[in-house]
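Participant: Would you mind keeping the following structure in view while I ask a few things?
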Amino acid sequence: MGTSIAIIADIHGNSAALKAVLDDIDKDEQVEHIYCLGDLIGIGHQTNEVLELLFSRHDITFVKGNHDEAVLKIINGKEPVSVGDERKHHNWIASRLNEKYIPKLLSIPNRQFRNINGKNFLFIHYHLNEKDEFMPIDNQPTIGKLDAIYENSDADVICFGHHHIVHHFKSKQRLYLNPSSVGCSHKPLTSYVKLHVGENEQIDTSFIEVPYDNKEFLLSYEKLNVPDRNNILRIFYGEQHLQYI
């Protein structure tokens, strides 16, 4: 029989994309649990809608992302690492966050460990250094570099997000997976991974893309006067909104 799970990452305040992914996952009765790899909020403007969708379910395990951390620091009166327009954006997100979600957000750890059918899984938002800080994004990842980072880990499978592109690396030591981003794409598509661990510890991995209607989500950046919206719409959505103007 084995065990099937879904892995999602980088929702980034996009409830339209998240709903499409969750609806697709829910069609598969074999999926027993969902693991969410952080950045629930930030970049997108549907903060409370996303958190309501996620926290109302009882089948999701979370790790914290850098945008989640930045917004929580602002709420707690601390200095986030973000600066300039990104800091303004995080302040705006923090100001609109329903405070009922804060305790749950604060409780989310940086990493989660699970044993699934004999395989040791590590779930993180991105690679962490010895100070538990996120390392800079490596735009040219290799099996060798990943094995060097995790040479002291006993994990068989390491699942991470942050870098909004698919990673699928397999070394002699372990499997590395990044499902890509739920909420940020240059096409009206949202992404996740479905993973099945068989009774003999074999792993089947499926990278899934789900189409969704992102028109209202993209046009609302201007309507809501979201700080740093021009950069966000260009960098994270490839200026798809221009086709609707």
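Using numbering that gives the first Met the number 0, read the sequence shown as starting at 0 and increasing by one per residue.
Just so it is clear, CB atoms sit at the ideal spot from N, CA and C, and this is done for glycine as well.
Any idea which residues DSSP pairs residue 111 with across the strands?
Facilitator: Answer by DSSP bridge pairing, in chain order: 122.
Participant: When we look at the beta-carbon of residue 143 and count the other beta-carbons within 10 Å, is it buried (16 or more) or exposed?
Facilitator: Exposed.
Participant: Pull up the distance between the alpha-carbon of residue 8 and that of residue 83, whole angstroms please.
Facilitator: Their Cα atoms are separated by approximately 25 Å.
Participant: So the candidates are 85, 78 and 21; which of them puts its Cα closest to the Cα of residue 54?
Facilitator: Closest by alpha carbon: 21.
Participant: Given that a residue counts as buried once 16 or more other Cβ atoms are within 10 Å of its Cβ, and exposed if not, what is residue 243?
Facilitator: That one is exposed.
Participant: Just the C-alpha distance for residue 126 and residue 222, rounded to the nearest angstrom, thanks.
Facilitator: Going from the Cα of residue 126 to the Cα of residue 222 covers about 36 Å.
Participant: Please tell me whether residue 124 and residue 36 are closer than 8 Å, where the distance is taken between their beta carbons.
Facilitator: Contact: yes.
Participant: Hey, residue 284 and residue 6: beta-carbon distance below 8 Å or not?
Facilitator: Given that the chain is displayed from residue 0 to residue 244, the structure contains no residue 284 and the question cannot be resolved.
Participant: Could you compute how far the alpha carbon of residue 226 sits from the alpha carbon of residue 2?
Facilitator: Looking at the two C-alpha atoms, the distance is approximately 43 Å.
Participant: Please identify the residue among 81, 74, 4 and 33 whose C-alpha is closest to the C-alpha of residue 291.
Facilitator: With the chain represented from 0 up to 244, any question about residue 291 goes unanswered, as that position is not in the structure.
Participant: Mind checking who residue 203 pairs with in its DSSP beta bridge?
Facilitator: DSSP lists 195 as partners of residue 203.
Participant: Is DSSP giving residue 43 helix, strand or coil here?
Facilitator: Correct three-state label for residue 43: strand.
Participant: Taking the straight line between their C-alpha atoms, what separation do you get for residue 159 and residue 145?
Facilitator: Roughly 12 Å between the two C-alpha positions.
Participant: Does residue 49 come out as helix, strand or coil in the three-state DSSP assignment?
Facilitator: Helix.
Participant: Specify, as a first and last residue, the run of the beta strand (DSSP E) that residue 71 falls within.
Facilitator: Counting along the chain, residue 71 falls outside any beta strand (DSSP E), though it belongs to the alpha helix (DSSP H) covering 65-74.
Participant: Consult DSSP for residue 140 and reduce its assignment to one of helix, strand or coil.
Facilitator: Coil at residue 140, not helix or strand.
Participant: By the 10 Å Cβ neighbour count, where 16 or more other Cβ atoms means buried, how is residue 164 classified, buried or exposed?
Facilitator: The residue in question, residue 164, is exposed, as its Cβ has fewer than 16 Cβ neighbours within 10 Å.
Participant: State the CB to CB distance for the pair residue 207 and residue 220, rounded to an integer number of angstroms; the pair is presumed to be in contact (CB under 8 Å).
Facilitator: With a Cβ gap of about 27 Å, residue 207 and residue 220 do not count as contacting.
Participant: Does the separation of the CB atoms of residue 79 and residue 72 fall below 8 Å?
Facilitator: Contact: yes.
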